[in-house]
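Everything on this sheet refers to the single structure shown next.
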Amino acid sequence: MSSLLEVKDLEFSYGEVQVLRGLDLIVEAGKIVCVMGRNGVGKTTLLRNLMGLETLTKGSISIGGKDFTRRPASERATAGIGYVPQGRQIFPRLTVEENLKVGLEAANVKGRATVPDEVYTLFPILWEMRRRRGGDLSGGQQQQLAISRALVTNPSILVLDEPTEGIQPNVIMEIGKVIGELVEERNIAVLLVEQYVDFVREVADSFHVMNRGSFVAQGNTSELDEDMVRKHLSV
701 MSSLLEVKDL EFSYGEVQVL RGLDLIVEAG KIVCVMGRNG VGKTTLLRNL MGLETLTKGS
761 ISIGGKDFTR RPASERATAG IGYVPQGRQI FPRLTVEENL KVGLEAANVK GRATVPDEVY
821 TLFPILWEMR RRRGGDLSGG QQQQLAISRA LVTNPSILVL DEPTEGIQPN VIMEIGKVIG
881 ELVEERNIAV LLVEQYVDFV REVADSFHVM NRGSFVAQGN TSELDEDMVR KHLSV
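Now the structure itself:
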């Protein structure tokens, strides 16, 4: 397996407040890695550092074997990372198709002005609603749109922040199925931040549990037992 995303000794502070502490993480092609933890432990901050939306204070970030530690967010997008932020952040006044085209433009995909048919194949409901405004979609449909917007650039790494948050169980199952197909058929790497334990057990190969900005447990998903859930994840 080849490492598509590698983080070494990553630390980050807001002023004098240290938020992330010595994080090491590898995401390989064809694998789904999940970062778990209670609210406020630093999961989203980690993703923002990976995407170049925050500037780490120590450590390194490699994408496809190349150092991206100090490169801007725009370069990380063109390097093959598709990012689905928490809360979806679609454009509610734009149509589904226009939202997807924004994804193409943001990643500066040369020679591609139309949305790939494969995106609509993965989530057929978006084809049916391609002329509808994003704000008119249900929460689950908006999440499918946000994922599809990240996929239009054919990324080698897909980063998702809480993809099951606030959506109905049938859509959660569909999203899990699509993620699995992407990994199997395209050999992409997936980094997932998620608190829904059953979803993690269903889709992920391995996990890292975060607490107070550090990884306090990790392993294969089969090792994510109830004692660990109660200790690190239960509210």
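Position one of the sequence shown corresponds to residue 701 (this note's numbering), numbered consecutively onward.
From the three backbone atoms N, C-alpha and C, an ideal C-beta is built for every residue, glycine too.
As the structure is a computational prediction, the values presented were derived from the model and not from experiment.
Residue 854 and residue 920 have their C-alpha atoms some 27 Å from each other. Close CB contacts of residue 793 within its chain, under the 8 Å cut and outside five residues either way in sequence, are with 833, 834 and 835 (chain order).
Excluding the 5 residues flanking it on each side, residue 799 has same chain C-beta neighbours closer than 8 Å at 790, 791, 834, 845 and 849, in chain order. Residue 733 counts as buried, since at least 16 other C-beta atoms from the protein chains shown sit within 10 angstroms of its C-beta. Remark: C-beta atoms of residue 756 and residue 796 do not approach each other more closely than 7 Å.
When C-alpha distances from residue 717 are compared across 916, 912 and 750, the shortest belongs to 912. Assignment of beta-bridge partners to residue 889 by DSSP yields 857. Three or more pairs of CB atoms, one per stretch, sit closer than 8 Å, so the region 865 to 877 contacts the region 897 to 904. Within the region 814 to 886, the beta strand (DSSP E) runs of at least 3 residues that lie entirely inside it are, in chain order, 857 to 861.
Boundaries of the alpha helix (DSSP H) harbouring residue 774: 773 to 778, taken from the DSSP string. Of 703, 737, 727 and 888, the smallest CA-CA separation from residue 931 is found for 737. In the three-state scheme derived from DSSP, where H, G and I count as helix and E and B as strand, residue 801 is classed as helix. Residue state for residue 901 is assigned as helix, using DSSP reduced to three classes. Under a 10 Å Cβ-count criterion, residue 843 is classified as buried, with 16 or more other Cβ atoms of the shown protein chains found around its own Cβ. Burial check for residue 743: the Cβ neighbour count within 10 Å reaches 16 or more, so the residue is buried.
In the DSSP assignment, residue 930 falls within the alpha helix (DSSP H) that extends over 926 to 932. For the 7 Å CB-CB criterion, residue 758 and residue 711 form a contact.
Shown here, residue 922 sits in a helix according to DSSP, grouped into three states.
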